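J.:
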Amino acid sequence: MTEPKLTIIDHQADFLVIDKPANIGFHDEENIGSGLFSQIKAQLKTQLAITELYPVHRLDKMTSGLILVAKNSATARAFQQQFEQHQIQKYYLAIAKGKPKKKQGVIKGDMEKSRRGMWKLLRTMDNPAVSQFFSYSIAPKQRLYLIKPHSGKTHQIRVALNSIGVPIFGDALYNNVEDADRGYLHAFALSFNLNQQSYQYCLTPRQGSVFNTPSTLDVINKLTPPWQQPWPAL
Numbered sequence: 007m008t009e010p011k012l013t014i015i016d017h018q019a020d021f022l023v024i025d026k027p028a029n030i031g032f033h034d035e036e037n038i039g040s041g042l043f044s045q046i047k048a049q050l051k052t053q054l055a056i057t058e059l060y061p062v063h064r065l066d067k068m069t070s071g072l073i074l075v076a077k078n079s080a081t082a083r084a085f086q087q088q089f090e091q092h093q094i095q096k097y098y099l100a101i102a103k104g105k106p107k108k109k110q111g112v113i114k115g116d117m118e119k120s121r122r123g124m125w126k127l128l129r130t131m132d133n134p135a136v137s138q139f140f141s142y143s144i145a146p147k148q149r150l151y152l153i154k155p156h157s158g159k160t161h162q163i164r165v166a167l168n169s170i171g172v173p174i175f176g177d178a179l180y181n182n183v184e185d186a187d188r189g190y191l192h193a194f195a196l197s198f199n200l201n202q203q204s205y206q207y208c209l210t211p212r213q214g215s216v217f218n219t220p221s222t223l224d225v226i227n228k229l230t231p232p233w234q235q236p237w238p239a240l
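Okay, so the sequence shown: first residue is 7 according to the numbering used here, each after it adds one.
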């Protein structure tokens, strides 16, 4: 079966920005098909004769949106260092049903492995996951969340929203009681500096009926570009 063509958002000398579709894992999966990175390599080899590519970060299988790929090892090391030091600013969109414990704020706590591949948020603060968010009503008992992770933990945003009583709509792991056409988490924006140049990218979700309702799009379109948001210091 032919893999669908991936969308290249930007093509720079040292890196590419790709629009990752929802429901594609990063690595190849037996009996399922090629993972995202294999698809990127195959497409760019055919389309642009690019044979050297380096992964620098990942998104969960259900998550769509912006992902960076380096074109040389030096850029890959630079990106990896920036991710480790939280110098790359990342912003996500999520949709959840229900009434949150708070409509905006910071969710902090250590994370611990739970059952069935899940993680849970703890009250301790030894090496906490930190997620800052704002939320906006898009329908009765349904809200859109703009989230900025200040750390980089596995399932961080999914666990954070679950911890305040609003698991992400369509998240089969943390919210398996709801039927949805996708898991509603999207890598919305990236902002970073590389080689003394500033880059900013912002991408509206393309997949998902709820992301594309008029009320949701109206809120997304009114959001100030996140790198200009007055995010308060923690």
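C-beta atoms are modelled at their ideal positions from N, C-alpha and C, and glycine is treated no differently.
All values reported here derive from a predicted model rather than from experimental measurement.
Check the C-beta distance from I163 over to Y98 and give it rounded, since I have them as a contact under 8 Å.
T.: Confirmed, Cβ separation roughly 6 Å.
J.: Suppose the cutoff is 6 Å on Cβ atoms and the five residues either side in sequence are ignored; what does the same chain contact list for H161 look like?
T.: Result list for H161: W125, in chain order.
J.: From P61 to A84, what distance separates their C-alpha atoms?
T.: Going by the C-alpha atoms only, they are around 12 Å apart.
J.: Quick test of the definition: if touching needs 3 or more C-beta pairs under 8 Å, does the region 206-214 touch the region 135-146?
T.: With the cut-off at 8 Å, the region 206-214 and the region 135-146 do not touch.
J.: When DSSP labels each residue in this structure, what does K154 get in the three-state scheme?
T.: It is a strand residue.
J.: Which class does A195 belong to by DSSP, given the choice of helix, strand or coil?
T.: Three-state DSSP puts A195 in a strand.
J.: Using a threshold of 8 Å, state whether the C-beta atoms of V75 and Y207 are closer than that.
T.: Contact flag unset, no.
J.: Assign R220 to one of three DSSP states: helix, strand, or coil.
T.: Per the sequence shown, residue 220 should be read as Pro rather than Arg. Of the three classes helix, strand and coil, the one that applies to P220 here is helix, per DSSP.
J.: Can you give the Cα-Cα distance for D16 and Q203, rounded to whole angstroms?
T.: If I take the Cα positions, the gap works out to 15 Å.
J.: What are the start and end residues of the beta strand (DSSP E) that includes I163?
T.: Per DSSP, I163 belongs to no beta strand (DSSP E); it is in the alpha helix (DSSP H), 162-169.
J.: Taking 8 Å as the cut-off, decide whether the C-beta atoms of A19 and M68 are in contact.
T.: Taking 8 Å as the Cβ cut-off, A19 and M68 do not qualify as a contacting pair.
J.: In three-state terms, what does DSSP make of T81?
T.: In the structure shown, T81 sits in a helix (DSSP, three-state: H, G or I).
J.: With distance defined between alpha-carbon atoms, name the residue in R64, K51, Q53, A102 nearest to K147.
T.: Among R64, K51, Q53, A102, the Cα nearest to that of K147 belongs to A102.
J.: If you measure between the beta carbons of L59 and K47, is that distance less than 8 Å?
T.: Result yes, Cβ atoms of L59 and K47 sit closer than 8 Å.
J.: Using alpha carbons as the reference points, say which of I144, P231, T230 lies closest to S221.
T.: If we check each option's Cα against that of S221, I144 comes out closest.
J.: In whole angstroms, what is the alpha-carbon distance linking T219 and Y151?
T.: Between T219 and Y151, the C-alpha separation is close to 15 Å.
J.: Using a 10 Å radius around the Cβ and a threshold of 16 neighbouring Cβ atoms, would you call M7 buried or exposed?
T.: Note that M7 scores a pLDDT of 44, beneath 50, so its modelled location is shaky; the value from the coordinates is reported in the next line. With fewer than 16 Cβ atoms within 10 Å of its Cβ, M7 is classed as exposed.
J.: Which residue marks the beginning of the alpha helix (DSSP H) containing F43, and which one marks its end?
T.: 42-54 is the extent of the alpha helix (DSSP H) around F43.
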